[in-house]
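Working notes for the structure below.
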């Protein structure tokens with residue numbers, strides 16, 4: 202086992218208990234052994250002492266939407282390289298999406314992900330499984346067997362279930378295993394061949410738009426079905442003000458529904474597409490500034506539960522294309538927290554709320570014993586300097602792909618130290 | 049500002065502004081003074097083009113026409129324009145269906161660039177593709193149409209044609225009618241005519257009007273007769289046959305009834321209104337043959353002006369000797 206670890210002089214911020222105090226945390230045998238306000242007496246002599254110098258000690262982040270290239274497209278990203286990026290971003294657990302090649306729709310494949318991740322990856326990898334075989338939207342996968350194999354939730358990843366009947370069947374069946382359905386609402390017939398937010402900007406650029414209704418209609422459908430079936434349903438990510446309104450209306454009526462948002466939707470808008478910049482081609486597309494502001498407000502008021510990176514590595518070959526032909530997606534594990542801190546520094550959302558959306562809320566939704574600083578909890582922690590100034594540089598990105606929406610962005614705040622299961626997996630050079 | 053007198057006796061007379069752009073990717077990159085300057089340059093090219101003379105301005109220079117979409121007319125126009133300026137012109141047709149899309153774009157750009165051309169004229173089916181290509185080559189790039197984005201030389205030749213008949217662009221009421229949503233010709237024209245202080249109107253069924261079009265045009269009409277009232281120029285757009293297959297437009301005959309330009313609808317415009325079409329025309333779909341060939345039509349003249357405009361654009365981009373770097 203690793204040496205015990207004593208983190209002293211930390212500002213401990215734990216959204217699960219709404220606690221924010223200066224104190225110390227003792228980590229032993231992979232779990233949080235003790236917590237104290239002020240100094241912690243009686244720590245073992247042999248332990249490694251880390252002076253946090255007043256920096257924020259938070260639960261490690263849980264990222265609910267991560268794509269890697271493994272299996273199938275390892276040149277884009279492996280679980281190992283994604284894990285390194287995650288560690289550098291303070292992400293201690295990542296939910297990996299099942300739309301790989303092959304699609305994770307069989308127990309053996311879930312076991313492969315879990316086993317391979319344990320052997321290669323320095324953070325916790327949470328496998329998800331497809332809702333339908335091959336994510337083809339027709340036949341349900343073996344929820345029970347997949348659950349036994351370790352699937353944390355069921356999702357179609359980038360895809361969206363078009364059939365209401367299949368969604369209803371999936372929700373009903375998932376309740377047998379109390380398994381959450383995580384789903385991206387997107388009506389394909391309305392999105393059609395759209396590539397960015399529908400509006401004047403798309404018109405001016407000569408690009409086909411994706412209307413707001415392509416998101417709101419299936420979201421409304423899913424929420425109605427979730428209410429009717431009693432299923433645990435998490436809208437993977439929403440992008441519009443109207444979707445936030447719809448979610449708010451349903452959330453008052455069921456504790457089992459929750460909503461996620463990508464950090465990109467909170468920090469960027471359609472104007473960032475600029476002159477056909479394909480790194481900003483995302484699904485759902487970046488929307489208007491009014492939508493972004495509405496999402497920030499929805500996060501602040503708790504309508505939106507979780508923030509994730511939507512980490513989706515794509516190589517330059519598929520990104521260096523005309524906008525309509527380019528691949529969708531951007532990486533984000535390393536920049537998730539620093540970008541979220543922009544909302545904190547801007548005074549839009551307080552630090553506790555931001556951290557809650559990246560720690561204890563994902564843990565609750567996925568039913569994980571994680572995301573909190575408490576005695577006996579897994580020692581997944583990150584030490585954050587909220588005021589550390591730095592610039593995102595392509596050369597230092599740990600991910601195998603470079604398609605970041607924050608290239609050359611000025612950031613305030615960074616993860617200085619990341620601990621997974623009691624082991625230090627990342628330490629910024631400048632850190633204590 | 050440095051001005052240049054063309055040295056050749058047959059060359060365009062008058063002085064023009066140095067063209068400060070490396071590429072012509074769209075009308076949006078030009079300011080009103082530059083637009084007028086390009087139209088002036090094109091006007092000066094008309095006698096050369098008419099007499100089928102050749103200027104030596106681009107002698108020894110290589111122009112590649114790279115067309116990812118078929119367009120006999122535009123390609124021929126650019127080829128003749130280059131040849132009348134003495135350039136060596138090579139045509140490269142790339143059939144997008146036979147090659148993996150896009151992959152070839154950056155690859156093709158690198159390959160062509162290695163052959164050291166002086167200009168590449170590009171047409172591509174994706175908006176922004178020409179700009180992307182321009183970032184990967186060391187020579188001048190002319191956009192000959194990219195997706196539903198821009199077709200700058202078409203807008204310039206339309207403006208030249210209008211100005212020759214009306215003597216001006218500012219203050220004219222110009223109605224653009226048809227598939228606005230999918231038309232790069234409409235976009236480039238709306239930008240150019242807006243910059244020239246013309247009163248622009250778009251006329252189309254709602255299903256062919258893009259969102260936010262009211263930010264690009266002065267007025268938006270769904271009723272063609274209303275939209276044509278008082279118009280000095282009527283620009284018709286080509287309706288792609290696939291649009292009239294029931295998804296956006298129920299049928300061709302319904303479209304023609306409400307948006308086809310016939311003598312009766314044209315009568316709502318000013319008596320001396322010009323009738324224009326970027327070609328190729330669908331006679332009987334968006335325009336009555338009698339109107340297309342009628343006394344108000346300047347459609348053939350547009351084609352002629354196309355060569356002059358393309359000569360002017362190539363000359364402005366390539367013949368920069370003697371100008372301030």
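Protein chains in written order, with the numbering used here: chain D, 202 to 633; chain L, 49 to 373. Here a beta-carbon is modelled for each residue, glycine too, at the ideal position from N, C-alpha and C.
Contact set between residue 555 (chain D) and chain L, taken where Cβ atoms lie within less than 8 angstroms = Under the 8 angstroms cutoff, chain L gives no residues; its nearest Cβ is about 33 angstroms from residue 555 (chain D).
How would you call residue 81 (chain L), buried or exposed, if buried means at least 16 neighbouring beta carbons within 10 angstroms?
-> exposed
Using Cβ-Cβ distances below 8 angstroms, what residues of the region 172-190 of chain L are close to chain D?
-> 172, 174, 175, 176, 177, 179 and 180
Report yes or no: is there a C-beta of chain D within less than 8 angstroms of the C-beta of residue 196 (chain L)?
-> yes
Using three-state DSSP, classify residue 624 (chain D) as helix, strand or coil.
-> strand
For residue 193 (chain D) versus residue 233 (chain D), is the C-beta distance shorter than 8 angstroms?
-> Since the displayed chain D opens at 202 and closes at 633, residue 193 (chain D) lies outside it and no answer follows.
Which residues mark the beginning and the end of the alpha helix (DSSP H) in which residue 198 (chain L) is found?
-> Per DSSP, residue 198 (chain L) belongs to no alpha helix (DSSP H) and is neither H nor E.
Output yes or no for whether 8 angstroms exceeds the beta carbon distance between residue 623 (chain D) and residue 224 (chain D).
-> no
N-terminal and C-terminal residue of the alpha helix (DSSP H) that residue 137 (chain L) is part of | Unbroken run through residue 137 (chain L) is the beta strand (DSSP E), 136-141; no alpha helix (DSSP H).
DSSP three-state assignment for residue 313 (chain L), whether helix, strand or coil = helix
Please list the residues of the region 95-114 of chain L that have a C-beta atom closer than 8 angstroms to any C-beta atom in chain D, keeping them in chain order.
-> none
For residue 306 (chain L), does the three-state DSSP call read helix, strand or coil?
-> helix
Leaving out five residues on either side along the sequence, give the residues of the same chain with a beta carbon under 6 angstroms from the beta carbon of residue 621 (chain D).
-> 293, 324 and 581
Closer than 8 angstroms, Cβ to any Cβ of chain D: which residues of the region 265-278 of chain L, in chain order?
-> none
Just the chain D side, please: which residues come within less than 9 angstroms of residue 13 (chain L) by C-beta, in chain order?
-> No information on residue 13 (chain L) is available, as it lies outside the stretch 49 to 373 that chain L covers here.
With 16 as the cutoff for other CB atoms within 10 Å, does residue 572 (chain D) come out buried or exposed?
-> buried
Per-residue contacts from residue 193 (chain L) into chain D (C-beta, under 9 angstroms) | Correct list: empty, because the minimum Cβ distance to chain D is about 10 angstroms.
Option nearest residue 396 (chain D) by Cα separation, candidates D:268, D:236 and D:484 = D:484
Which of helix, strand or coil DSSP assigns to residue 392 (chain L) = There is simply no residue 392 (chain L) to check, as chain L begins at 49 and stops at 373 in what is shown.
If contact means a Cβ-Cβ distance below 8 angstroms, which residues of the region 333-361 of chain D contact chain L?
-> none
With DSSP collapsed to three states, give me the class of residue 381 (chain D).
-> coil
Compute the Euclidean distance between the alpha carbons of residue 219 (chain L) and residue 359 (chain D), then round it to the nearest angstrom.
-> 51 angstroms
Per DSSP, residue 397 (chain D) forms a beta bridge with which residues?
-> D:410
Pick from D:578, D:446 and D:465 that is closest to residue 196 (chain D), judged by C-alpha positions = Beyond the ends of chain D as shown, which are 202 and 633, falls residue 196 (chain D); an answer cannot be given.
Given residue 349 (chain L), which residues of its chain have a CB within under 7 angstroms of its CB, disregarding the five upstream and five downstream residues?
-> 209
When Cβ atoms are compared, which residues of the region 228-256 of chain L fall closer than 7 angstroms to chain D?
-> 232 and 235
Pull out every residue of the region 408-427 of chain D whose Cβ sits closer than 9 angstroms to any Cβ of chain L, in chain order.
-> 408, 409, 410 and 412
Shorter than 8 angstroms from the beta carbon of residue 261 (chain L) to some beta carbon of chain D?
-> yes
Just the C-alpha distance for residue 522 (chain D) and residue 154 (chain L), rounded to the nearest angstrom, thanks.
-> 7 angstroms
Counting only the same chain and skipping the five closest in sequence on each side, list residues whose C-beta sits under 7 angstroms from that of residue 150 (chain L).
-> Because the pLDDT at residue 150 (chain L) is just 48, under 50, the model does not fix this residue reliably, and the point stays unresolved.
According to the Cβ coordinates, are residue 595 (chain D) and residue 608 (chain D) closer than 8 angstroms?
-> yes
Should residue 75 (chain L) go down as buried or exposed, given a rule of 16 or more other Cβ atoms within 10 Å for buried?
-> buried
For the putative contact between residue 420 (chain D) and residue 436 (chain D), defined by C-beta atoms under 8 angstroms, what is the C-beta separation to the nearest angstrom?
-> 6 angstroms
Report yes or no: is there a C-beta of chain B within less than 8 angstroms of the C-beta of residue 401 (chain D)?
-> No chain B appears in the structure shown, which is made up of the protein chains D and L.
Step through the CB atoms of chain D and report whether any lies within less than 8 angstroms of the CB of residue 146 (chain L).
-> Any reading at residue 146 (chain L) needs caution, since the residue's pLDDT is 47, under 50, leaving its predicted position unreliable; the model's value is listed next. Chain D contact via Cβ: absent.
With DSSP run on the structure shown, which of helix, strand or coil describes residue 617 (chain D)?
-> strand
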